[in-house]
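Novice:
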Amino acid sequence: NGNYFYIKYLKKENKILNSIKFNSIYDVIPHGDLSVDAVSATAMFIDTKKLNEIKGWDTKFFAYFEDVDLCLRFKLLGYDIIKIKNAKLNHQAFSSHNKKFHTEMDYSRNFHYSWSKIYFSSKYEGLLKSKILSIQMIATFFLKFLFYLLSINKKNLIYLARLQGSITSFLSLNPFYRPKVENKENYE
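To convert a position in the sequence shown, counted from 1, into my numbering, add 673.
So this is what it looks like as structure tokens:
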């Protein structure tokens, strides 16, 4: 399909000056390999010398946006990110764990997505913009959490996780949340 990830930015002291856009759709689906701004870490080949040049992965990210951060740091140094048109991957999303832990893993995903979105913003758009973003997210997730809690809907857990991740990032705390699973057999 024509869904690709792209980031509009201007390089100035490694800060993004324009907006970040996700899941933008090309008017015409490109043919052949394509130079893009970012690719998903689910299928990524990286030249280790170049990876060392950018000082590797940012270990503050536990999950989400770590791939976009990595790609953006490559782009800021002038490297291309190439999406191979004919590359195929069977990524079975959400299949890394036993189904009985779905709620716990879903909570973890939502916590880390919110935390990482704000951290990514602080890293590239500056502290003020990230604080504004986090306040907006906290207000939105708090209201949605209350709505779903009062309507006795299980979605309240999703918004509680997003709220907790947003508050944790707003307070500049590390993303501490980890799913509670007893042993490695739970991942089978």
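Even glycine gets a Cβ: it sits at the ideal position worked out from N, Cα and C. Please read all numbers here as calculations on a predicted model, not as lab measurements.
Taking Val-741 as part of the alpha helix (DSSP H), name the residues at either end of that continuous run.
Specialist: 739–749
Novice: Would you call the stretch 784–794 and the stretch 843–850 touching, i.e. three or more CB-CB distances under 8 Å?
Specialist: Under the 8 Å Cβ criterion, the stretch 784–794 counts as touching the stretch 843–850, having at least three qualifying pairs.
Novice: For Lys-694, name the three-state secondary structure that DSSP assigns.
Specialist: Low confidence applies to Lys-694: its pLDDT is 45, below 50, so where it sits in the model is not reliable, and the reading given next is rough at best. In the structure shown, Lys-694 sits in a strand (DSSP, three-state: E or B).
Novice: Our contact map puts Tyr-792 next to Lys-728 with C-beta atoms below 8 Å; I'd like the distance itself, whole angstroms only.
Specialist: Not confirmed; about 17 Å, so no contact.
Novice: Just verifying my parser: in three-state terms, what is the DSSP assignment at Leu-846?
Specialist: In this structure, Leu-846 counts as coil in the three-state DSSP scheme.
Novice: Report yes if the C-beta distance between Phe-843 and Ser-807 is below 7 Å; otherwise report no.
Specialist: yes
Novice: Alpha carbon to alpha carbon, how far is Tyr-821 from Gln-809? Give it in angstroms, no decimals.
Specialist: 18 Å
Novice: Who pairs with Ser-708 in a beta bridge, going by DSSP?
Specialist: Ile-755
Novice: State buried or exposed for Asp-742, treating a residue as buried only when at least 16 other CB atoms are found within 10 Å of its CB.
Specialist: Buried.
Novice: If you run the structure through DSSP and keep just helix, strand and coil, what is Phe-734?
Specialist: coil
Novice: For Lys-684, collect the residues of the same chain with a Cβ closer than 8 Å to its Cβ; drop the 5 residues on either side in sequence, then sort them by chain order.
Specialist: Its pLDDT being 38, under 50, Lys-684 is placed unreliably by the model, and nothing is read from it.
Novice: What does the Cβ neighbour count give for Ser-713, buried or exposed, with the cut at 16 atoms within 10 Å?
Specialist: exposed
Novice: Since Lys-756 and Asp-706 should fall inside the 8 Å C-beta cutoff, what is the C-beta to C-beta distance between them, to a whole number of angstroms?
Specialist: 7 Å
Novice: What's the call for Thr-715, buried or exposed, on a 16-neighbour Cβ count within 10 Å?
Specialist: exposed
Novice: Excluding the five sequence neighbours on either side, which residues of its own chain have a C-beta within less than 6 Å of the C-beta of Asn-783, listed in chain order?
Specialist: Ile-831, Ala-834, Arg-835
Novice: So what does DSSP say about Ser-787, is it helix, strand or coil?
Specialist: helix
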